[in-house]
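This report concerns only the one structure given below.
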Amino acid sequence: MYPQVFSAAKEVDQAFLIILGFSVFILVAVTATMLFFLWRYHHKRHPNAADIKGSVWLEIVWTGLPTIIVLGLFWTGWTSFQAMRTIPEGAMEVQVEGRMWSWLFTYENGKSAPELVVPVNTPIKLNLKARDVIHSFYIPAMRVKWDMVPGMDTEVWFESDKTGEFDIFCAEYCGLKHADMLAVLRVVEQGTFDIWINETKKSGQQGLKLMEEYGCFDCHSMDGSEDVAPTLMNLAGKELLVIRPDGTEAKVTADEAYIKQSIMEPGALLVKDWDDDMPSFAGEMSKDDLDFIAQYLMTGGEGHPGEKLADEEGCLACHTTTGEDDVGPTFKGLFGETRTVTNEAGESKTVKIDEKYLREAITNPSAWIPEGYDDGMPPYDDIDEETLEGLIKYLKSLGKGDG
Ligand code: CUA
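Convert by adding 3 to the 1-based position in the sequence shown; the result is the number in the numbering used here.
Structure (structure tokens):
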């Protein structure tokens, strides 16, 4: 079984084990009795069948005993169900939105994130809402599983007494990428949570601000130009040839760990053909600042806080930024392109993908469907203007130029 970290989970597990125990016991008892009777009353051993009629005490036992067992099982199930359904007063509330095919968690202060982060030893009340089709919110470790039906708002709660990372699944088939509808529950200490929840929503911009403050742009550019140091444009995921301290060459991928290491020990894996001039920021930069900067560089650098928005809004569950088409068209090169689109009445027209088109495609995607795609995207009709603008700006940056 999954680790048990929620107080009410213990009662759920207990009910499960009691019911399982009884079922196994009855199965074994009935099978053993049946085999014994087969042997004992074989016609070789028992040639003349006895004619037994009526037995009051036997009838009382076979009616009474199962009734007691069934009521007992009901009672264990009922009490654990009650424990799971009685939400403590003052529980911390988080809004959970399920949509094809990702999760969005919105916290009391308005912050939203694609992961569920909660403090340890605190009751958490989750208000569940499905945007498009039926989903089911499932955290196995917390024994929490509840269906989410559009238009029917429901709630669940849990409280974790251990820190750690746990899986969140969608447990109701909801279309093509149901299996990808995953998220992570991070249970952290109260102090860590307080820092996390107060981090600015647009940590991309925070990272940019910090890099200016630390003077990173005195040497590094974000636009591809290289002077005293390599450019940081499109650094994330780049294959780099580096020199180890012993002078040998190695290939590394610029992932978050490499970026962090390069800031803390710039000489350790130096990019080839560059001098070991950069000062180390070990002891200078706080862990949070390092996280912000690494995060900023990992999302592509300047102009791309939009990628984080696209991720949070769930766009990247169906659209790629790499040029490969998925359930929906790729974002790469989309802006400025010409497409044939069809409406419900079957009329077709050719459109140039510009800002006006994208606005409608996001808020009311069913109006005009691009050729070759299904009408599967949920409408983002309640998106705020700032987010919509951010997304369009991001699509523009991935596009062909001015549309
Ligand atoms: Cu959502 Cu399966």
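C-beta: ideal position from N, C-alpha, C; glycine also.
Output the residue ranges of the alpha helix (DSSP H) runs that lie fully inside the segment 282–345 and measure 4 residues or longer, sorted by chain position. 290–301, 308–315
L394 versus I386: straight-line alpha-carbon distance, rounded: The residue given as residue 394 occupies position 391 in the sequence shown. The residue given as residue 386 occupies position 383 in the sequence shown. Each residue's Cα considered, the two are about 11 Å apart.
Less than 6 Å separating the Cβ of M184 from some heavy atom of ligand 1? For the purposes of this step, residue 184 is identified with residue 181 of the sequence shown, where counting begins at 1. Yes, the beta carbon of M184 sits closer than 6 Å to at least one heavy atom of ligand 1.
Helix, strand or coil for R102 per DSSP? Here residue 102 corresponds to residue number 99 of the sequence shown, with the count starting at 1. DSSP places R102 in strand when its eight states are reduced to three.
Report the partner residues of A186 according to the DSSP bridge assignment. Translated into the one-based positions of the sequence shown, residue 186 becomes position 183. Partner(s): I171.
Which whole-angstrom value describes the C-beta separation of D150 and S139, a residue pair presumed to lie in contact below a C-beta threshold of 8 Å? Within the sequence shown, the letter at position 147 stands for residue 150. Within the sequence shown, the letter at position 136 stands for residue 139. The pair is a contact, with the Cβ atoms about 5 Å apart (cut-off 8 Å).
For ligand 1, is there any heavy atom lying closer than 6 Å to the beta carbon of C177? To locate residue 177, count along the sequence shown from 1; it is residue 174. Yes, ligand 1 has a heavy atom inside 6 Å of this Cβ.
What number of angstroms, rounded off, separates the C-alpha of A11 from the C-alpha of V187? Residue 11 sits at position 8 when you count from the first residue of the sequence shown. Residue 187 sits at position 184 when you count from the first residue of the sequence shown. Straight-line Cα distance between these residues: approximately 20 Å.
7 Å Cβ cutoff met for F334 and T324: Translated into the one-based positions of the sequence shown, residue 334 becomes position 331. Translated into the one-based positions of the sequence shown, residue 324 becomes position 321. Closer than 7 Å, so yes.
Would you mind stating whether R146 and V15 have Cβ atoms separated by less than 7 Å? On the sequence shown, position 143 is the one that residue 146 refers to. On the sequence shown, position 12 is the one that residue 15 refers to. Cβ atoms of R146 and V15: closer than 7 Å.
Using a Cβ-based criterion (distance less than 6 Å to any ligand heavy atom), does C321 qualify as near ligand 1? Walking along the sequence shown from the start, residue 321 turns up at place 318. Answer for C321: no, Cβ out of range of ligand 1.
What is the rounded straight-line gap between the Cα of G93 and the Cα of F284? Here residue 93 corresponds to residue number 90 of the sequence shown, with the count starting at 1. Here residue 284 corresponds to residue number 281 of the sequence shown, with the count starting at 1. G93 and F284: Cα-Cα distance of roughly 43 Å.
Using only the alpha-carbon positions, how far apart do Q17 and F172 sit? Taking the first residue of the sequence shown as position 1, residue 17 is located at position 14. Taking the first residue of the sequence shown as position 1, residue 172 is located at position 169. In a straight line, the C-alpha of Q17 is about 23 Å away from that of F172.
Close Cβ partners of V255 (< 7 Å) along its chain, the five nearest in sequence each way excluded: Taking the sequence shown and counting its residues from 1, one reaches residue 255 at position 252. The residues are L243, V245, Y261, L272.
Can at least three beta-carbon pairs, one atom from the segment 108–118 and one from the segment 79–89, be found at a separation below 8 Å? no
Where the alpha helix (DSSP H) containing T70 begins and where it ends: To locate residue 70, count along the sequence shown from 1; it is residue 67. Segment 59–88, the alpha helix (DSSP H) holding T70.
Does ligand 1 have a heavy atom nearer than 6 Å to the CB of C318? The residue labelled residue 318 in the question sits at position 315 within the sequence shown. Checking the Cβ of C318 against ligand 1 gives no.
Could you have a look at P143 and say whether DSSP puts it in helix, strand or coil? Numbered from 1 along the sequence shown, position 140 holds the residue referred to as residue 143. Three-state result, P143: helix.
Taking only the alpha-carbon atoms, compute the straight-line gap between D405 and T302 and give it to the nearest angstrom. Counting from one through the sequence shown, the residue named residue 405 turns up at place 402. Counting from one through the sequence shown, the residue named residue 302 turns up at place 299. Below a pLDDT of 50, predicted positions are generally treated as unreliable, and D405, at 42, falls in that range; the measurement from the model is reported next regardless. Roughly 23 Å separates the two Cα atoms.
Please find out if some non-hydrogen atom of ligand 1 comes closer than 6 Å to the beta-carbon of C222. Counting from one through the sequence shown, the residue named residue 222 turns up at place 219. C222: no, Cβ never under 6 Å from ligand 1.
Quick one: Cα of K47 to Cα of I72, how far? As a working note, residue 47 is residue 44 in the sequence shown. As a working note, residue 72 is residue 69 in the sequence shown. Cα to Cα, the separation comes out at about 37 Å.
At 4 residues or longer, and completely inside the segment 210–271: list those alpha helix (DSSP H) runs for me, N to C. 259–267
Quick check: is any heavy atom of ligand 1 less than 6 Å from the C-beta of C173? Translated into positions along the sequence shown, residue 173 becomes position 170. The answer is yes for C173.
Neighbourhood of E175 by C-beta, 7 Å cutoff - its chain only, sequence neighbours within 5 removed: For the purposes of this step, residue 175 is taken as the residue at position 172 of the sequence shown. These residues qualify, in order along the chain: I137, H138, S139, D150.
Using a beta-carbon distance below 7 Å, is V191 in contact with chain D? No chain D is present in this structure, which holds just one protein chain.
Could you tell me whether the segment 216–236 touches the segment 189–205, where touching means 3 or more Cβ pairs closer than 8 Å? no
Identify whether H138 lies in helix, strand or coil by the three-state DSSP scheme. Within the sequence shown, the letter at position 135 stands for residue 138. Three-state result, H138: strand.
When the Cα atoms are used, what is the spatial distance from P153 to D378? Here residue 153 is taken as the residue at index 150 of the sequence shown, counted from 1. Here residue 378 is taken as the residue at index 375 of the sequence shown, counted from 1. When rounded, the distance between both Cα atoms is 18 Å.
In angstroms with no decimal places, state the Cα-to-Cα distance between D278 and G270. On the sequence shown, position 275 is the one that residue 278 refers to. On the sequence shown, position 267 is the one that residue 270 refers to. Using only the alpha carbons, I get a separation of about 9 Å.
Residue span of the alpha helix (DSSP H) that contains W199, given as start and end: Taking the first residue of the sequence shown as position 1, residue 199 is located at position 196. Residues 193–201.
Just to confirm, are L76 and I29 a CB contact at a threshold of 7 Å? Residue 76 sits at position 73 when you count from the first residue of the sequence shown. Residue 29 sits at position 26 when you count from the first residue of the sequence shown. Cβ distance not < 7 Å, so L76 and I29 don't count as in contact.
Between which two residues does the beta strand (DSSP E) harbouring E158 extend? Mapped onto the sequence shown, residue 158 falls at position 155. Residues 157–161.
To which residues of the same chain is W199 closer than 8 Å at the C-beta, ignoring the five residues directly before and after it? What you label residue 199 is simply residue 196 of the sequence shown in a count that begins at 1. Same-chain partners within the cutoff: V120, V191.
Return yes when at least one heavy atom of ligand 1 lies under 6 Å from the C-beta of H138, else no. What you label residue 138 is simply residue 135 of the sequence shown in a count that begins at 1. Yes, ligand 1 has a heavy atom inside 6 Å of this Cβ.
Among residues of its own chain, excluding the 5 on either side of H223, which ones have a beta-carbon nearer than 6 Å to its beta-carbon? On the sequence shown, position 220 is the one that residue 223 refers to. Cβ neighbours of H223 beyond the five flanking positions: A232, L235.
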